[in-house]
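Written out below as C-alpha cells is the structure these notes cover.
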Amino acid sequence: MGAAVIAAAAFYRPLVVWANNAWDLSSPERLLAMGAAVSLIAISLYLLLVRRGLGPGPTALGVAGTILVLMSWSQLPAGGWWWLVGVAVGVLVAHRRVSEAGARWAMLGAIAIVAVAPALQVVLSHLKNTEPYPIVDLAPREDASPTGIIEDVLLVFVDGYPSRAIASGWFGHDTSELDAELADQGFSTPRVAWSHHTFTRLAIPSVLELQPIAEPGPTGGWGNHTSTYRIIGGESFVASAFRSAGYTHTHIDSGWNGGACDTADVCLPNHPIDEALWKMLRPSVIGEWMASSLRSHTVGNTLRTVEQLSSLRLTLDGERNFVFAHMLLPHAPFVVDADCRPTPDPADDYSGLEEITTEMPDPGAVRSQLTCVDGLILEIVRSVGPETAVVVTGDHGSGVLGQGATSSHVWSDAEIAERLGIFLAYRMPPECPEPEAITNIAVMRAVTTCALDVHPPAHEPVFLLGSNDLQLVTLDRIRRIEQQLFQGSLDLEAWAADSN
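Mind the numbering: the sequence shown is residues 8 to 507 in this note's numbering, read in order.
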C-alpha cells in the first residue's frame with residue numbers, strides 16, 4: 008500500500024493536467040511517462056528508508072507528501088518550504104503517535120483523494136468533451152498521380168506571424184532583408200495576405216483540406232478536436248493525395264498539444280519538453296528555472312523544428328517528398344531576442360501571454376521575436392534546393408489586440424486585419440498557375456494541383472472569426488480592409504479609436 012500511495016502522488020499532476028486538457032491533448036504519453044519515472048524514484052527511496060527501520064505507513068505518507076509539494080511548489084500558499092517542514096513534522100508525529108493500522112487508513116484516504124479524484128476527472132472530461140469540432144463535409148480522399156512538374160513540396164506554418172503590412176506598420180518590423188533574399192530565391196512575398204480562420208485548430212487544417220473546414224454560426228463546445236488533430240497529423244486531403252502519388256510524407260512534430268504525428272510516413276520528434284510537460288512542470292520546484300532558462304515551451308520546440316527541417320537537406324534529393332512543419336514562434340509569449348535567445352525576465356511579465364490578453368505587449372518585444380523568426384525562415388529555405396516548391400505561411404495573425412477577450416461579433420476592421428492577415432511567402436516552378444487569391448489556402452491549392460493530377464474540393468472565399476461562434480467576414484469587407492492597409496490608414500491609432 009505504501010507503493011500505491013506514492014504512485015498516486017506521482018501521477019497526481021500528470022492526471023490533473025490531462026483532465027484539464029482532455030479535449031486538447033492528443034498525446035498524454037509523456038505525462039504518464041513522467042509520472043512513472045517519479046514513481047520509480049520515489050518508491051526506491053521509500054524502500055531504502057523502510058529497510059533502515061522507518062515505519063512503512065508514515066514513511067510512505069511522507070514521501071508522497073514531499074512529491075506533492077515539489078510538483079506544486081509555486082501554487083502553494085505561504086511557500087513550498089513551509090509545506091516541506093509541515094510534511095516532515097507530520098511524519099515525525101506519525102512515527103510516534105500513529106499505529107500502522109491508522110497509517111494504512113490514512114493511505115487509503117490519500118489514494119482516494121490523490122489518485123481516484125483526478126483519474127475520475129480524466130474519464131468525465133473525455134465523456135463530456137467527445138464530440139469532434141464541427142467541420143464541413145470533407146472531400147473524399149482519392150488517389151493521385153504526380154505531374155512531374157514538382158519533385159518536393161515543403162509546407163511550413165509560422166504560428167501567429169501577421170501580414171507584412173501589420174508587422175511593419177504596427178510593430179516597426181523591417182522585413183527588407185528577408186524580402187530581398189526570398190526574392191533572390193524566387194519567392195513571392197505579398198505585403199497583405201489572408202488566412203480563412205483565426206485559430207490554429209481551424210486554420211492549419213483548412214490549408215491541408217484546401218478549403219475552410221467550418222461554417223458560420225454557433226458551433227457549441229470546442230469538443231476534443233479529434234477531427235482537426237487527425238487532419239493535421241496526416242489524415243488530410245493534401246497529405247493523403249501526396250502519399251497516394253508516391254511522395255514520402257514527413258511530419259515534423261511541433262511540441263504543441265495537438266501536434267502529434269498520425270499517419271505520416273516519417274515522424275521527426277519535437278523537443279523533450281513539449282506543451283503538456285511544460286504545463287505539468289511549470290508549477291513544480293524546477294518551474295522557475297525552466298521559465299528563466301527556456302522562457303516558454305515554444306522556444307525550444309521551434310528551434311528543434313528548424314533543426315529537423317535543416318537535417319532534411321540530403322533527404323530531399325532523389326525522391327519525391329511532402330514535408331509538413333509547424334513552428335510555434337512568433338506566437339506569444341514574446342520571450343526571445345532577435346537572435347532567438349531567451350530573454351531575461353522583462354519588466355512586463357509575458358507569462359500570461361500563453362493566452363491572448365487585453366494588454367498590448369511591448370512592440371519591441373514583438374519586433375525582436377519576428378526578427379528571430381525571419382532568420383529561421385531563411386535558414387530553412389537555404390537548406391532546400393531551388394527546385395523545391397515551398398510555402399511558408401502564418402496560420403493567423405499575432406492576436407495582440409485582445410481579440411480573445413472580446414466577442415468576434417464586434418471586432419473592428421483593425422482587429423480583423425491583425426488577426427486574419429498573415430505572413431505568406433511561396434515559390435513554385437514557372438509552369439505552375441498563379442494562385443487564384445493571396446490566401447494560404449489558394450497558394451496551397453496551386454502547389455498541390457501543379458504537383459499532382461488530383462481534383463481538389465470546391466473552395467468558397469469564406470473568412471471566419473472566432474471559435475465557438477464563427478462570424479462570417481464578407482469578401483467585400485476583406486477587400487476594403489486590404490485597401491486600407493495598402494493606403495496605411497489602418498494602424499494602431501485606428502484600433503485605439505475603435506476601441507474607445
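The beta-carbon is built from N, C-alpha and C at its ideal position, and this holds for glycine as well.
Please report the distance separating the alpha-carbon of residue i from that of residue j.
i, j, result
"T365", "V407", "Annotation note: pLDDT 48 at T365 (below 50); position unreliable, coordinate value reported separately. Rounded to the nearest angstrom, the two C-alpha atoms are 8 Å apart."
"R317", "N308", "Correcting the residue identity first, residue 317 is Ser in this sequence and not Arg. Their backbone Cα atoms lie some 14 Å apart in a straight line."
"G401", "N28", "25 Å"
"T481", "G224", "14 Å"
"V92", "L134", "40 Å"
"T207", "V100", "53 Å"
"V450", "W201", "11 Å"
"V171", "V199", "Just to set this straight, residue 171 is Arg in the shown sequence, not Val. In a straight line, the C-alpha of R171 is about 6 Å away from that of V199."
"V306", "H338", "10 Å"
"I50", "P63", "11 Å"
"V121", "A40", "18 Å"
"V417", "P141", "23 Å"
"E394", "G382", "21 Å"
"A11", "G42", "13 Å"
"R289", "E295", "7 Å"
"A248", "T255", "11 Å"
"A71", "V94", "9 Å"
"D150", "V461", "8 Å"
"I156", "T312", "27 Å"
"V343", "P464", "40 Å"
"L161", "F329", "6 Å"
"T455", "G404", "24 Å"
"V96", "V123", "26 Å"
"P370", "P340", "12 Å"
"L319", "S496", "43 Å"
"L22", "A44", "14 Å"
"S415", "I173", "19 Å"
"V214", "A85", "49 Å"
"A221", "L209", "8 Å"
"W90", "A345", "41 Å"
"L38", "L32", "10 Å"
"S261", "I387", "15 Å"
"C457", "S183", "29 Å"
"S132", "W263", "20 Å"
Cα-Cα, which of the options is closest to residue i?
i, options, result
"P169", "Q491, L336, L385 and R348", "L336"
"H232", "N475, R426, W30 and P468", "W30"
"G7", "A453, D460 and G392", "The question about residue 7 has no answer here: the residues shown for the chain are numbered 8 through 507."
"G265", "V199, M334, L217 and V330", "M334"
"G240", "F341, V273 and W25", "V273"
"F18", "L75, T350, L55 and L61", "L75"
"T257", "D281, I293 and F331", "F331"
"F430", "N447, S213 and P370", "N447"
"S251", "V130, R348, P153 and H204", "P153"
"L492", "P440, L479, G473 and D420", "D420"
"L479", "R148, I387, V469 and D269", "V469"
"T350", "S390, M297 and L385", "M297"
"L217", "W263, E158, E282 and P147", "P147"
"C379", "L68, D181 and A26", "D181"
Would you kindly report the start and end of the unbroken alpha helix (DSSP H) that includes residue i?
i, result
"V373", "P370 to R389"
"L215", "T207 to E216"
"R20", "Y19 to N27"
"R426", "D420 to L427"
"D483", "L482 to Q494"
"L316", "H304 to S317"
"L284", "E282 to L288"
"Y236", "T233 to G240"
Looking at the secondary structure, which residues open and close the beta strand (DSSP E) in which residue i lies?
i, result
"L159", "For clarity, residue 159 is Asp in the given sequence; the question names Leu instead. Segment D159 to V165, the beta strand (DSSP E) holding D159."
"V245", "Careful: V245 lies outside any beta strand (DSSP E), inside the alpha helix (DSSP H) at F244 to S251."
"H258", "T255 to I259"
"F329", "N328 to M334"
"T400", "A396 to T400"
"L301", "Neither: L301 is in no beta strand (DSSP E) and is coded neither H nor E."
"L471", "F470 to L472"
Please determine whether the Cβ atom of residue i lies at a distance below 7 Å from any heavy atom of the ligand GDP.
i, result
"A126", "Because no ligand of any kind appears in the structure shown, any question about the ligand GDP cannot be addressed here."
Going by DSSP, which residues form a beta bridge with residue i?
i, result
"T446", "W201"
"P349", "V343"
"V273", "T257"
"Y433", "S195 and V398"
"F178", "Bridge partners of F178: none, in fact."
"G224", "L477"
"D460", "S152"
Just to confirm the assignment: which complete alpha helix (DSSP H) runs, minimum length 4, are found wholly within the segment 32 to 120?
36 to 58, 63 to 78, 87 to 104 and 107 to 118, all fully within the segment 32 to 120.
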